[in-house]
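J.:
Protein chains: 6
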Amino acid sequence: MYWKIDLSIHCFRRLVLDFLTPSLNTLLQGFLDEDFGRGDLTRSALNSCNASAYWVTKQPGIFCGGPLVERLFYLLDPSVKIKVLVPDGTVINSGQKLVLFEGPAASLVGGERTALNLAMRLSGIATFTANLVKNLEGTGAHLADTRKTTPGLRIFEKYAFRCGGGVNHRFGLDDAAMLKENHLSCVESIDLAVFSLRKSLPWPARVIVEVETPEQAETAVRAGVDGLLLDEFPVSSLENLVPHLRQLSLLEGDPQKPSRVVLEASGIDVKNLRAYAKTGIDLISTSAPFTKSPWLDFSMLFDQAG
Amino acid sequence: MYWKIDLSIHCFRRLVLDFLTPSLNTLLQGFLDEDFGRGDLTRSALNSCNASAYWVTKQPGIFCGGPLVERLFYLLDPSVKIKVLVPDGTVINSGQKLVLFEGPAASLVGGERTALNLAMRLSGIATFTANLVKNLEGTGAHLADTRKTTPGLRIFEKYAFRCGGGVNHRFGLDDAAMLKENHLSCVESIDLAVFSLRKSLPWPARVIVEVETPEQAETAVRAGVDGLLLDEFPVSSLENLVPHLRQLSLLEGDPQKPSRVVLEASGIDVKNLRAYAKTGIDLISTSAPFTKSPWLDFSMLFDQAG
Amino acid sequence: MYWKIDLSIHCFRRLVLDFLTPSLNTLLQGFLDEDFGRGDLTRSALNSCNASAYWVTKQPGIFCGGPLVERLFYLLDPSVKIKVLVPDGTVINSGQKLVLFEGPAASLVGGERTALNLAMRLSGIATFTANLVKNLEGTGAHLADTRKTTPGLRIFEKYAFRCGGGVNHRFGLDDAAMLKENHLSCVESIDLAVFSLRKSLPWPARVIVEVETPEQAETAVRAGVDGLLLDEFPVSSLENLVPHLRQLSLLEGDPQKPSRVVLEASGIDVKNLRAYAKTGIDLISTSAPFTKSPWLDFSMLFDQAG
Amino acid sequence: MYWKIDLSIHCFRRLVLDFLTPSLNTLLQGFLDEDFGRGDLTRSALNSCNASAYWVTKQPGIFCGGPLVERLFYLLDPSVKIKVLVPDGTVINSGQKLVLFEGPAASLVGGERTALNLAMRLSGIATFTANLVKNLEGTGAHLADTRKTTPGLRIFEKYAFRCGGGVNHRFGLDDAAMLKENHLSCVESIDLAVFSLRKSLPWPARVIVEVETPEQAETAVRAGVDGLLLDEFPVSSLENLVPHLRQLSLLEGDPQKPSRVVLEASGIDVKNLRAYAKTGIDLISTSAPFTKSPWLDFSMLFDQAG
Amino acid sequence: MYWKIDLSIHCFRRLVLDFLTPSLNTLLQGFLDEDFGRGDLTRSALNSCNASAYWVTKQPGIFCGGPLVERLFYLLDPSVKIKVLVPDGTVINSGQKLVLFEGPAASLVGGERTALNLAMRLSGIATFTANLVKNLEGTGAHLADTRKTTPGLRIFEKYAFRCGGGVNHRFGLDDAAMLKENHLSCVESIDLAVFSLRKSLPWPARVIVEVETPEQAETAVRAGVDGLLLDEFPVSSLENLVPHLRQLSLLEGDPQKPSRVVLEASGIDVKNLRAYAKTGIDLISTSAPFTKSPWLDFSMLFDQAG
Amino acid sequence: MYWKIDLSIHCFRRLVLDFLTPSLNTLLQGFLDEDFGRGDLTRSALNSCNASAYWVTKQPGIFCGGPLVERLFYLLDPSVKIKVLVPDGTVINSGQKLVLFEGPAASLVGGERTALNLAMRLSGIATFTANLVKNLEGTGAHLADTRKTTPGLRIFEKYAFRCGGGVNHRFGLDDAAMLKENHLSCVESIDLAVFSLRKSLPWPARVIVEVETPEQAETAVRAGVDGLLLDEFPVSSLENLVPHLRQLSLLEGDPQKPSRVVLEASGIDVKNLRAYAKTGIDLISTSAPFTKSPWLDFSMLFDQAG
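Top line first, the protein sequences correspond to chains A, B, C, D, E and F. Just so we're aligned, residue 764 is where the first sequence starts under the working numbering, counting upward by one. Just so we're aligned, residue 764 is where the second sequence starts under the working numbering, counting upward by one. Just so we're aligned, residue 764 is where the third sequence starts under the working numbering, counting upward by one. Just so we're aligned, residue 764 is where the fourth sequence starts under the working numbering, counting upward by one. Just so we're aligned, residue 764 is where the fifth sequence starts under the working numbering, counting upward by one. Just so we're aligned, residue 764 is where the sixth sequence starts under the working numbering, counting upward by one.
Right, here's the structure in full:
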């Protein structure tokens, strides 16, 4: 399948620019405003002190968030000079310097907490993701994320997941259609629901169905879905089902309608990741990097001031 | 192909709800604010007059915008009672009543212009689209839209296109990747560009390539794209190329990688619509309903006041 | 009448600055956000490619929107260099270059669609307006616009109307009072309504009344209105009515209260434009440039990249 | 002049609705947010206490702001019941009850300060204005305001000025053109500047010129301006100049171009108000109600709680 | 008490930076938008004129607002060069130049009114405050402000109060808890209310109680409040009560729980300021600088243009 | 110390209302918009299906977020009926029902993910906090939070911390002054910095200093700070230092200036929580509930639909 490509190199720093959209400033400004409120009361103690400072990591992991840190400080005070030493997606070791800062001390301490909070959260996600991705090496399966992200941070958290080596799933309710268990309780049949969706969707939008039994899976493949989310199937069940569904999708596919379906396992315990990956599944989706990862611990240290 | 389904019934009124997203209010409120500015200077002449009124169309066509009119007036004054008589996507005839209103005259005339402007524009698009779609009947080809929409109105105008019987293409730069002519001048080769995109895209995102020669078309199909935009090809050229590319996509598709590509003709003169449709093409994309359609003409008439 | 001046030179490029108000950025940013959504998915294919490009028109007409294009790209990426070759309001010929661009290819293609959509819409309006204005040459009558503008774009569309040689009418419900047919159904008499408005309006606000019979017209002139909108009067009727109302306004005007009224014809078929203009009317208002004009067709071409 | 009408009854409560524009909620919400910040820390002491309360004035004056108080509390908590006892523009006496409230005590005290601040400021303006207006009784001159208003409150403060019996001047830079002293230092001549403005203005926009010498005044009248702001002229000078300019405006006004100019005195000491009014001037403009008025003092008292 | 320090030097210019928070731009932009509306109609008369100008004060007082003026003009047009000659909090004399400007005349006159309105209001507050503060010299008491500020301007007006030599009280409902008279009507007892607040407050938040009798004052001190607002107590009463409450707070304060309370007098006539200050009270709070101060009068003069 | 009160009952459901500030809607609306983007593509499969559903927890813990879930769904669709079965701060057991829903299926699944994401994150924090708080039982020490919160969620996460039994520290840079290590590198001495802060702070704002040596701690206490953050002191060091600093604060405190300082330990390993608590310290601050807590796992199940 064409997206089964080597992902090991995919998190260059420039990639973050993909989502440096025009409205990104509004989000970051909101984060600064949250901390500043009516203004920094401690600021008046700093007079016109200038300082240089750096970030250092206290833990090993995958760094993520550098370009966001640059943008945050730029919004706060364009006179602050920043040099990000580590591209996003890079392995970092305890004690490694990450970012250098120079400028008014009031601006450095003013943006410190917000910037660290963002980068530590994102680096925690990237690190946790990378650890899971290691288990998939050589299996052909990829790790996919979910919409179980912190409210307000989805675009950032999904970027961090990608920096950890994962593949993004849909970003919202609007960029693919997914019939989930709760939808199915409202529709007459999977066929009709898929048919009904195809009628109104933009043509590039994929249709994905979450299934809980092999029978539902067969029905969905026959209905020509683009993706199938096999929820909480045991490994043993998938070992037979995956090749069966692939075959079925090709048989169904008359030359005018081939429809190789993307098969995704969900609801699994990450301890069994490798066993699932070996079933021939395309994707294993997990929200664990968003719901279970601790933040990676960084410090901001002033090396001189005056 | 699964999305080649009967679209003739696809514009139910309820469908508009698909895009009645939480932030819709902000857009509509902005439209009201644009007209009101610092307040309606004529309002003080109306005292506490109540009135009933209706919309009537002066021209035949396809109606579009009813639920938006309801929402606009609700935002302006929740005490206004509205009854939309005509579901979106319905054929209307000259002189037909469309919407009934009852409430404070100041609110009825206050929202009149904004609501009419929106519905007349959208109904004009739906009508123009429907006239084009008629030419495709029985050919298996569908009419697709483009991103050539009025700034600020894309979600509305694409909805109107759908109400006229068309199929929506991507809504923005973020819900599918499309390598266009200007992109290709920056990439080493189509293959590498497609490869590079697959690395970073969310898996549900389709990859589409705009091509200008048969050779480019072949290359793109071999690179496994999801869609091909054949720009300004003559009908005669497509007659051979379409079956060739279909065949190629199946040959390329080993059982593990079938990739039936969606073929789309663009840059065509709408006078030749049917000729293009008969080439076996899947989609014909046009921005004419957005760039060339006149507004459909409605009036708001007060039938009593007191 | 003092505003009956030569309008042929009135669309200098600098004039656009009149509405480059502080909040303009918010509008333009919203247009970019609409297209970018969660980010440009195709961007990662462009690496760090730089390019130069230009806009060229495929059709003759009147150009409009140059300063807005500059501002849009500045908001997206201040490193893009832009040179607008054609002042707003200028006649352009097929094949003429309009704007030059240089900068990151990702930014050029990122802003391309939004900027073209805006400038093509506005140039379409300016061109359509200019064609109508030609019919008025030498008559002393001017073409005025209406509030029948695309929601969200009024300030831009009215600017384009002016670039085409037209005169703007009020911009919203708040910069002049206008008693329209629907208002009149709620008021006791035109006299009382005008009286009531004068009581609460800021003194610079004009009072205009829409009338449908010669009797209403006389009443309104006697009530001392600033402007009269003669709706759907036949040419033959206006030939007598216009001089009569002018005379009446002078007679009414005792030395302490002269009140030369501005006479405006509305609801006319543009085919009769010149006939109406010759009646001695001051203004002929039309929304046709907003509701009937096709967009002017421009292309953005990359001439080199690397 | 037609706007020289009896203003004594013009501040009905309904008039406030003129500016209850759609975006008013945003302004009022911003005022509440300013006081609440991250939330009312004292609120948890109030449990689920309900209370009734009322506003009482400690000083006599003119009340203004009732409908705004209603809207503010509605935005904060729709369950609060409010009864405004006094229409805007009404004379109130010390000790008089103004507004009744009933609802959750937490909401009553939460909105108390913001609502009082707004109404006390506006009532202060209305009261101060009314005291000045008394001096003009019987003179035919009216009191006009200026743009010297508190940033963010213009629409409210100008409404209060009207409730005190004054006439509003323009609301912003966009609803009339005014050439002031600083403009004149940049233009070749008054004639050319007026000519240049007429070319680009919407036709309903008036052109006003501020002059400092009788010669400038004559020039401006001859240029056909709509209004003349006679800045810091002594009373004695105006006694001759006013009739002269009136005469001139009529002479200039050939039957095709009558242009009775509105004459406005500015920069005067309010102690001389009546003397100026007797010169035959139309308007005397002052910012004193905005820059010099003390707030009217109200209290909010709880009469029962439980 | 530690905050009883010499305040005479506390209004340096840099202090204004304390509240130059990230969101400040939004507030200032809103002020500009209020005046510009749909654009400056007079602007087209100015062509490309450049000018230099200055502000001069017509009255003596305390200047306040310089850094805000800089920021306002920067938001409007970054090409305007500004030099603020007078630090905030400085005494200024009639005729003194305050700020120098150089740049496009259209930008200078465009921002003139908004900037002057803000600085004149703030300087009026600073001046009025400084006059009150003089009465407290040598008494050890300080002048504190209240939340009785103009809606939307609190952060600015409280800054001006500080520039006049006053001490700020809480900025909103969220940075200290204050049980006021209306709260007390809803609580069982002062003790329980204080107890209940301590349970849910962030630990740095102070608890303050407004009292109207000596008995309430004693109860509140015994409940361990941080501050006591003695409302409308006569001077004679405070002379005894202040030392009594101080003593009580120390007695109550066993070594583990000292609780020297801050004593504040409110609701006093400013004529008695010094008498109150001599009672040993810590703070005297007044809203007079917000509700009673006239604006300080400045002019903007163009010294050359071309 | 007065805030050393029994916190076991402090998280009533009504307390959440403390931060249901006017601007809360904006935050929650933003969360919905993030998921909806241009609209829910799957919605059209649901027709007009109505459903009832419930939330159930898969894990034991402390529930948090009920009132926010109500508000979120109200913003999305006021016709959805919600019954929150469990007050915030309550212990919940695996399999327990938490919330009941009834309404249009499209609205239930539309808001499902956003609401779950918020409540699961907050309940995870509350649960983690409660587990830490247990270790402090009977010691007199309390657990305090920090500003190390997820960007955009501070107000919610700090509420969850409180629901778990913790005490909130300051909410932003604006509600207390804190001199941290990085500040101290810019100031001449702790004394002067504290002095300088007292000069400009609102009087209710506390001054806190972070210290790293016993000498710094003594200096800060002598400078009269309100709180002392003892960073990374070993337990053994605090055992002596805490009583010493308390004594010092009382000695320093002459009867006119008592200043019992709040002593807070930070930078500790949570495994040593109880040992630290027994040193007599007032507060132990930790960000672990924000940076290390996994989300509590809930499901939304449809029990019927039709």
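No residue lacks a Cβ here, since even glycine has one placed at the ideal position from N, Cα and C. On a predicted model such as this, the values are computed, not experimentally measured, just so you know.
Relative to the C-alpha of residue 1057 of chain B, which candidate in C:929, C:911, C:865 has its C-alpha closest?
T.: The sequence position of residue 1057 of chain B within the second sequence is 294, counting from 1. Among C:929, C:911, C:865, the Cα nearest to that of residue 1057 of chain B is on C:911.
J.: Examine the Cβ distances between the stretch 785-805 of chain E and the stretch 939-948 of chain D and report whether three or more of them are shorter than 8 angstroms.
T.: With a cut-off of 8 angstroms, the stretch 939-948 of chain D and the stretch 785-805 of chain E count as touching, because enough Cβ pairs lie within range.
J.: Output, in chain order, the set of chain F residues within a Cβ distance shorter than 7 angstroms of residue 949 of chain A.
T.: Looking up residue 949 of chain A in the first sequence gives position 186. Ordered by position in chain F, the residues that pass the 7 angstroms Cβ test against residue 949 of chain A are 809, 812, 814, 868, 1068.
J.: Does the beta-carbon distance from residue 929 of chain D to residue 904 of chain D come in below 8 angstroms?
T.: Sequence index remark: in the fourth sequence, residue 929 of chain D carries index 166 (1-based). Sequence index remark: in the fourth sequence, residue 904 of chain D carries index 141 (1-based). No, these two residues do not count as a Cβ contact at 8 angstroms.
J.: Give the residues of chain F in contact with residue 1009 of chain A, contact being defined as C-beta atoms less than 9 angstroms apart.
T.: Here the question's residue 1009 of chain A lines up with position 246 in the first sequence. Those do not exist, as residue 1009 of chain A stays about 25 angstroms from chain F at its closest Cβ, beyond 9 angstroms.
J.: Output, in chain order, the set of chain F residues within a Cβ distance shorter than 9 angstroms of residue 1028 of chain E.
T.: Within the fifth sequence, numbered from 1, the residue matching residue 1028 of chain E stands at position 265. Going along chain F, no residue has its Cβ under 9 angstroms from residue 1028 of chain E, so there is no contact; the nearest lies around 14 angstroms.
J.: Let me know the secondary structure DSSP gives residue 893 of chain F once reduced to three states.
T.: Taking the sixth sequence and counting its residues from 1, the one referred to as residue 893 of chain F is at position 130. Helix, per DSSP.
J.: Please work out which residues of its chain come closer than 7 angstroms, Cβ to Cβ, to residue 983 of chain C, disregarding the five sequence neighbours upstream and downstream, and give them in chain order.
T.: Indexing the third sequence from 1 puts residue 983 of chain C at position 220. The residues are 953, 972, 974, 991.
J.: What residue range is occupied by the uninterrupted beta strand (DSSP E) comprising residue 867 of chain A?
T.: By one-based count along the first sequence, residue 867 of chain A stands at place 104. 860-867 is the span of the beta strand (DSSP E), which, as asked, contains residue 867 of chain A.
J.: Taking Cβ-Cβ distances shorter than 9 angstroms, what residues in chain D pair up with residue 881 of chain E?
T.: Residue 881 of chain E sits at position 118 when you count from the first residue of the fifth sequence. Chain D residues near residue 881 of chain E: 913, 914.
J.: State the CB to CB distance for the pair residue 871 of chain C and residue 923 of chain C, rounded to an integer number of angstroms; the pair is presumed to be in contact (CB under 8 angstroms).
T.: Position 108 of the third sequence, counted from the first residue, corresponds to residue 871 of chain C. Position 160 of the third sequence, counted from the first residue, corresponds to residue 923 of chain C. In fact, because the Cβ distance is near 24 angstroms, the residues do not count as touching under 8 angstroms.
J.: Just the C-alpha distance for residue 834 of chain D and residue 839 of chain B, rounded to the nearest angstrom, thanks.
T.: Here residue 834 of chain D corresponds to residue number 71 of the fourth sequence, with the count starting at 1. Here residue 839 of chain B corresponds to residue number 76 of the second sequence, with the count starting at 1. Roughly 14 angstroms separates the two Cα atoms.
J.: Tell me which residues share the same chain as residue 710 of chain F and place their Cβ nearer than 7 angstroms to its Cβ, disregarding the 5 neighbours each side in the sequence.
T.: The displayed coordinates of chain F run from 764 to 1069. Any statement about residue 710 of chain F would go beyond what the structure contains.
J.: If we cut at 8 angstroms on Cβ distances, does residue 796 of chain F have a partner in chain B?
T.: Taking the sixth sequence and counting its residues from 1, one reaches residue 796 of chain F at position 33. Judged by the 8 angstroms Cβ criterion, residue 796 of chain F is in contact with chain B.
J.: Can you find the residues in the same chain that come closer than 6 angstroms, C-beta to C-beta, to residue 890 of chain A, ignoring five residues on each side of it along the sequence?
T.: What you label residue 890 of chain A is simply residue 127 of the first sequence in a count that begins at 1. Excluding positions up to five away in sequence, the list reads 824, 825, 1059.
J.: At least one CB of chain D closer than 8 angstroms to the CB of residue 918 of chain F: is that the case?
T.: What you label residue 918 of chain F is simply residue 155 of the sixth sequence in a count that begins at 1. Yes, residue 918 of chain F lies at the interface with chain D (some Cβ there is under 8 angstroms from its Cβ).
J.: Between B:986, B:1039, B:919, which lies nearest to residue 994 of chain B when the distance is taken from Cα to Cα?
T.: Taking the second sequence and counting its residues from 1, the one referred to as residue 994 of chain B is at position 231. Closest by alpha carbon: B:1039.
J.: With which residues is residue 905 of chain D paired in a DSSP beta bridge?
T.: For the purposes of this step, residue 905 of chain D is identified with residue 142 of the fourth sequence, where counting begins at 1. In DSSP, residue 905 of chain D forms a bridge with D:1046.
J.: Can you say whether residue 1019 of chain F is buried or exposed, counting buried as having 16 or more other CB atoms within 10 angstroms of its CB?
T.: As a first step, residue 1019 of chain F must be located in the sixth sequence, where it is residue number 256. Residue confidence is low: residue 1019 of chain F scores 47 on pLDDT, short of 50, so the model does not pin down where it sits. No coordinate-derived value is stated.
J.: For residue 934 of chain A and chain B, any beta-carbon pair shorter than 8 angstroms?
T.: Taking the first sequence and counting its residues from 1, one reaches residue 934 of chain A at position 171. So yes, residue 934 of chain A belongs to the interface.
J.: Can the beta-carbon of residue 970 of chain F be found less than 8 angstroms from the beta-carbon of residue 988 of chain F?
T.: Walking along the sixth sequence from the start, residue 970 of chain F turns up at place 207. Walking along the sixth sequence from the start, residue 988 of chain F turns up at place 225. Against a cut-off of 8 angstroms, the Cβ pair of residue 988 of chain F and residue 970 of chain F comes out as a contact.
J.: Within a Cβ cutoff of 7 angstroms, which residues of the same chain sit near residue 1141 of chain B, ignoring the five residues on either side of it in sequence?
T.: No answer is possible for residue 1141 of chain B: the residues shown for chain B start at 764 and end at 1069.
J.: Just curious, the alpha helix (DSSP H) that residue 1055 of chain C is in, first and last residue?
T.: In the third sequence, the residue the question calls residue 1055 of chain C occupies position 292. Looking at the DSSP string, residue 1055 of chain C is not in any alpha helix (DSSP H), and its letter there is neither H nor E.
J.: Please determine if the stretch 1024-1031 of chain E and the stretch 1047-1057 of chain E are in contact, where contact requires at least 3 C-beta pairs separated by less than 8 angstroms.
T.: The stretch 1024-1031 of chain E vs the stretch 1047-1057 of chain E: in contact.
J.: For residue 797 of chain C and residue 1008 of chain F, what's the separation of their Cα atoms in angstroms?
T.: Translated into the one-based positions of the third sequence, residue 797 of chain C becomes position 34. Translated into the one-based positions of the sixth sequence, residue 1008 of chain F becomes position 245. About 59 angstroms.
J.: Under a Cβ-count criterion, where at least 16 other Cβ atoms within 10 Å of its own Cβ denotes burial, should residue 1024 of chain F be classed as buried or exposed?
T.: Here residue 1024 of chain F refers to the residue found at position 261 of the sixth sequence. Residue 1024 of chain F comes out buried.
J.: Given a cut-off of 8 angstroms on the beta-carbon distance, is the pair residue 1062 of chain D and residue 896 of chain D in contact?
T.: Walking along the fourth sequence from the start, residue 1062 of chain D turns up at place 299. Walking along the fourth sequence from the start, residue 896 of chain D turns up at place 133. Contact: no.
J.: When the cut-off is 8 angstroms and only beta carbons count, does residue 966 of chain D lie next to chain E?
T.: Locating residue 966 of chain D in the fourth sequence gives position 203, where the first residue counts as 1. With 8 angstroms as the cut-off, residue 966 of chain D does not count as an interface residue toward chain E.
J.: Name the chain D residues that come within less than 9 angstroms of residue 1046 of chain C, Cβ to Cβ?
T.: Residue 1046 of chain C sits at position 283 when you count from the first residue of the third sequence. Neighbours of residue 1046 of chain C on chain D, chain order: 966.
J.: To the nearest angstrom, report how far apart residue 878 of chain B and residue 864 of chain B are at their CA atoms.
T.: Indexing the second sequence from 1 puts residue 878 of chain B at position 115. Indexing the second sequence from 1 puts residue 864 of chain B at position 101. About 12 angstroms.
J.: Should residue 786 of chain B be flagged as near chain F, meaning a C-beta pair shorter than 8 angstroms?
T.: Translated into positions along the second sequence, residue 786 of chain B becomes position 23. Residue 786 of chain B counts as touching chain F.
J.: Could you tell me if residue 1065 of chain B is buried or exposed, where buried requires 16 or more neighbouring beta carbons within 10 angstroms of its beta carbon?
T.: Counting from 1 along the second sequence, the entry for residue 1065 of chain B is found at position 302. So residue 1065 of chain B counts as buried.
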